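Below is one structure; the comments refer to it alone.
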Amino acid sequence: MSERMGAMGGTMGSPFDDGVFDGVRRIIVGRDWDCVSYIKIEYENSAGNFETREHGTNRGGIQEFTVDYPSEYITSVGGSFSRVFRYGTELIQSLIFRTSRGRTSPILGHSFLGFQLGTRFTLEGKNGGKLLGFHGRSGQALDAIGPYFFAANPPLRHFNPQGWNGGSAWDDGAFDGVRRILVGRGGSFVSFLRFEYARGQRTVPHDHGRRQEVPQEVLIVDIKYMCNCISLCLLRFILLIIKIFWLKFVVDHPNEHITVVEGTIDGFLTSLRFQTSIGRTSPAFGNVVGRRFVFQENNFKLVGFSGRSGDVIDALGANFGPLPAPTPIPAPVPAPAPAPAPRPSPAPGPAGRWPPAPAPAPAPGPAPAPGPAPAPGPAPGQGPAPGRAPGPAPGRAPGPAPGPAGR
1 MSERMGAMGG TMGSPFDDGV FDGVRRIIVG RDWDCVSYIK IEYENSAGNF ETREHGTNRG
61 GIQEFTVDYP SEYITSVGGS FSRVFRYGTE LIQSLIFRTS RGRTSPILGH SFLGFQLGTR
121 FTLEGKNGGK LLGFHGRSGQ ALDAIGPYFF AANPPLRHFN PQGWNGGSAW DDGAFDGVRR
181 ILVGRGGSFV SFLRFEYARG QRTVPHDHGR RQEVPQEVLI VDIKYMCNCI SLCLLRFILL
241 IIKIFWLKFV VDHPNEHITV VEGTIDGFLT SLRFQTSIGR TSPAFGNVVG RRFVFQENNF
301 KLVGFSGRSG DVIDALGANF GPLPAPTPIP APVPAPAPAP APRPSPAPGP AGRWPPAPAP
361 APAPGPAPAP GPAPAPGPAP GQGPAPGRAP GPAPGRAPGP APGPAGR
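Using the UniProt record's numbering, the letters of the sequence shown correspond one by one to residues 1 to 407.
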């Protein structure tokens, strides 16, 4: 997520566009006696490696500005431009940068008695957004320059910093998540914050506020000496008074995400508390006094912080991004159906015979009982059965009785 701001300067030269990186580590500026002739930027890419881009012509004196990246980053790009008569066009005359720790670079390029000449400009991202890249125009010199700053565009959800308007503004941007948070407390306020963000397999730390820790060696010597002079109970009491509290909260990224940021403001930031996606709640870091605030969005996770700081944390805001979709539970695989039982093999035939003899045919069932036999007809040449007169043949009328023999 980035915001491209318009380039300041002239319209000659060839256009260039470095695009967007994770951040800027170092800027080298070459200056002629009346303009910025050359710029070299050292970027960090998403893999954690550094890449350089060069524009203009390398001549004249060289000046350099380096930041403690990634703990510190550039939040403001300023400078001046004017018409240079020997080139007949407007060119960049000077550049000046401001960081998330409130540091300001010296004037890089052409100046007169420590003052910028020409038309001045200042370009800043919203809420102290981090510088991500440059674009502009160049040729024999640097004609124009414009920045890319981080911007919390959708689907990110930005919560404005809570607190007051002191210190320097900063916005860490958006990462994959948060691995660890360290809270430094001195007196009644939170004085220092260290966020260790996740970017792929890398851990990217960002520091804000002022470290107020006692050197370890001095503390050990004092303890040994004081143990010989006072009781252990009194020693513990003194250590509680002089101790700068360092508290930390570790998240099991990527299996766990911070989903709620809660704190209190009493002029400055006084306390912090966190809740995670697995229902875990941190202890309260600091003194829970003052006005309470909560950063929370349903189905979103913490991906970065913003705020203002100087000697203490003046204000704190946050950037939230969508939670990753839950991994679907695989459907249970049904058990395979049991294989059918194999048929029994036929009994082997007599040895030495192949193929084996077929199985014997089933035994026949009992024959049906015979019905009554029909009565036999009269034998040939035999008269009708006694007691029964023969009837006429069917279908034929009886003829006249024959006369006496020989007639």
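Note that the Cβ used here is the ideal one computed from N, Cα and C, for glycine as well.
Source: prediction; values computed, not measured.
Who are the Cβ neighbours of serine 309 in its own chain at under 6 Å, not counting the five residues just before and after it? Here the set comprises Gly167, His208, Gly209.
Find the nearest neighbour of proline 131 within the set Gly61, Ser188, Tyr69, Gly139, judged by alpha-carbon distance. In the sequence under discussion, the amino acid at residue 131 is leucine, which differs from the proline named in the question. When only C-alpha atoms are compared, the closest one is Tyr69.
Looking only at C-alpha atoms, which of Phe274, Thr99, Ser94, Gly136 sits nearest to arginine 180? Closest option to arginine 180, Cα to Cα, is Phe274.
How far does the beta strand (DSSP E) with asparagine 153 in it extend, from its first residue to its last? In the DSSP assignment, asparagine 153 falls outside any beta strand (DSSP E), carrying neither H nor E.
Does the contact criterion of 3 or more C-beta pairs under 8 Å hold for the segment 291-300 versus the segment 314-322? Below 8 Å, enough C-beta pairs join the segment 291-300 and the segment 314-322 to call them touching: three or more.
Residues bridged to tryptophan 170 (per DSSP): Per DSSP, Gly307.
Reducing DSSP to helix, strand and coil, say where asparagine 299 ends up. Under the three-state reduction of DSSP, asparagine 299 is assigned to coil, being neither helix nor strand.
Does the distance from the C-beta atom of asparagine 45 to that of glutamate 54 stay below 9 Å? Cβ atoms of asparagine 45 and glutamate 54: not closer than 9 Å.
Which word fits glycine 200, buried or exposed, when buried means at least 16 other C-beta atoms lie within 10 angstroms of its C-beta? Burial call: exposed.
To the nearest angstrom, how far is it from the Cα of phenylalanine 121 to the Cα of isoleucine 265? Their Cα atoms are separated by approximately 34 Å.
Would you call phenylalanine 249 buried or exposed, if buried means 16 or more other Cβ atoms sit within 10 Å of its Cβ? Classification for phenylalanine 249: buried.
By Cβ distance below 6 Å, which residues in the same chain neighbour glutamate 196 in space, the five residues on each side in sequence not counted? Excluding positions up to five away in sequence, the list reads Arg179, Arg180, Thr203, Pro205.
Which full runs of the beta strand (DSSP E) of 3+ residues lie inside the UniProt domain "Jacalin-type lectin" (2-151), going along the chain? Correct list: 2-4, 14-17, 23-31, 36-44, 50-56, 61-66, 74-84, 89-99, 119-124, 131-138, 142-150.
Given leucine 156, which residues of its chain have a CB within under 8 Å of its CB, disregarding the five upstream and five downstream residues? Here the set comprises Met1, Ala174, Val303, Asn319, Phe320, Gly321.
Close Cβ partners of serine 80 (< 8 Å) along its chain, the five nearest in sequence each way excluded: Cβ neighbours of serine 80 beyond the five flanking positions: Ile92, Gln93, Ser94, Gln116, Leu117, Gly118, Thr119, Arg120, Phe121.
Measuring CA to CA, which of Pro254, Asp22, Leu123, Val29 is closest to proline 106? By alpha-carbon distance to proline 106, the top candidate from Pro254, Asp22, Leu123, Val29 is Val29.
Which residues in the same chain have their Cβ closer than 6 Å to the Cβ of asparagine 58, if we skip the five residues on either side of it in sequence? Once the five neighbours on either side are set aside, the close Cβ partners of asparagine 58 are Gly30, Tyr38.
Beta-carbon proximity of glutamine 140 to glycine 48, cut-off 9 Å: Contact: no.
Rounded to whole angstroms, what is the Cα-Cα separation between glycine 290 and asparagine 165? Rounded to the nearest whole angstrom, the C-alpha separation of glycine 290 and asparagine 165 is 17 Å.
Alpha-carbon to alpha-carbon, valine 312 and phenylalanine 189: Rounded to the nearest whole angstrom, the CA to CA distance from phenylalanine 189 to valine 312 is 7 Å.
Just list the residues that DSSP pairs proline 322 with in beta bridges. The partner list for proline 322 (beta bridge, DSSP) reads Phe300.
Out of Glu256, Arg343, Phe293, which one is the CA nearest neighbour of threonine 270? In this structure, Phe293 is the residue among Glu256, Arg343, Phe293 with its C-alpha nearest to the C-alpha of threonine 270.
Is the Cβ-Cβ distance between alanine 151 and glycine 133 less than 9 Å? Taking 9 Å as the Cβ cut-off, alanine 151 and glycine 133 do not qualify as a contacting pair.
Using only alpha-carbon positions, find the residue among Arg4, Pro147, Phe268 that is nearest to residue 475. Limits of the chain in this structure are 1 at one end and 407 at the other, which puts residue 475 out of reach.
Where arginine 211 and glycine 184 are concerned, what is the direct C-alpha to C-alpha distance, given to the nearest angstrom? Cα to Cα, arginine 211 sits roughly 7 Å from glycine 184.
DSSP on serine 271, reduced to helix/strand/coil? Strand at serine 271.
Quick one: what does DSSP say asparagine 287 is sitting in, helix, strand or coil? Looking at asparagine 287 - three-state DSSP - the assignment turns out to be coil, as it is neither helix nor strand.
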